[in-house]
C-alpha cells in the first residue's frame with residue numbers, strides 16, 4: 001500500500017472531527033438468564049490538540065436512552081496531548097501510554113485505534129503509522145478486506161488468546177476505515193461455530209473543524 005495525500009490534509013480547523021458507527025455487544029441479565037445482542041451507536045467526535053472537545057453519542061435502538069452530548073475542557077479527553085506523532089519512536093511512546101506493551105502486537109493495534117479514532121492524522125503521521133505496523137513483529141497482513149460501508153481496504157491484525165484485532169486501512173492514503181474485534185474461538189459449552197465480532201467501528205469521516213459546534 002502507499003500513503004498518498006488525502007482530502008482531509010488540506011481541511012482547516014483546530015479540531016479533528018470524526019464521524020463513526022459502532023456495533024457493540026450489549027448483555028442484559030434477568031434472573032439467571034443472560035441475553036446478548038448487538039447494539040448500534042453513532043458518534044460524532046471533536047478533539048483539539050489540548051485534549052478538549054465534544055462527543056455526541058446516540059444509541060439504536062434507544063431503549064429510552066437519550067442522545068448524550070458532552071463537552072470536554074482542555075486535558076479532559078483521554079490520550080496523549082497533541083497530534084499523532086510523525087516519528088516512529090514518538091508514536092510508539094504514545095501507543096505505550098494507551099496500551100501496555102507487554103500485551104504484544106495486539107497492544108499496537110489497540111493503541112492505534114485509540115489514537116486514530118480521535119484524531120485526523122496528516123500524511124506524515126499516516127506514513128509513521130504504516131511504518132510502526134510494518135516494524136511490529138506478529139502483525140499479520142490480510143490483503144484486500146471490505147468494510148461495512150463496502151469500501152475495499154488493506155487488513156492488518158494481531159491475535160492473542162483467540163481474540164483478533166483488525167484494522168482496515170485505505171490502500172492509497174493510509175487512513176483508518178474500520179476496526180474489528182472478533183472472538184475466533186467459541187467458549188466451552190457454546191453452540192457458536194463461527195467467529196463472533198463483538199466490537200466494530202466504521203469510520204465514515206476524518207476531517208477538521210474550526211469549532212466543535214460545526
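In this note's numbering, the protein residues as written are 1 to 214.
Ideal Cβ placement from N, Cα and C applies to all residues, glycine included.
The model shown is predicted, which means the values in this text are computed figures rather than measured ones.
Rounded to a whole number of angstroms, what is the C-alpha to C-alpha distance between residue i and residue j?
i	j	result
residue 70	residue 26	22 angstroms
residue 22	residue 45	13 angstroms
residue 165	residue 158	5 angstroms
residue 8	residue 92	24 angstroms
residue 137	residue 105	7 angstroms
residue 56	residue 43	6 angstroms
residue 3	residue 170	9 angstroms
residue 90	residue 185	35 angstroms
residue 199	residue 102	22 angstroms
For residue i, is the classification buried or exposed, using 16 other Cβ atoms within 10 angstroms of its Cβ as the cut-off for buried?
i	result
residue 147	buried
residue 29	exposed
residue 73	exposed
residue 110	buried
residue 212	buried
residue 38	exposed
What residues match up with residue i in a beta bridge as DSSP calls it?
i	result
residue 13	The partner list for residue 13 (beta bridge, DSSP) is empty, contrary to what the question assumes.
residue 38	25
residue 203	20
residue 196	183
residue 59	41
residue 54	46, 71
residue 101	None; residue 101 has no bridge partner.
residue 208	16
Which runs of the beta strand (DSSP E) fall wholly inside the segment 109-183 and span at least 3 residues, in chain order?
-> 140-146, 152-160, 163-169, 176-183
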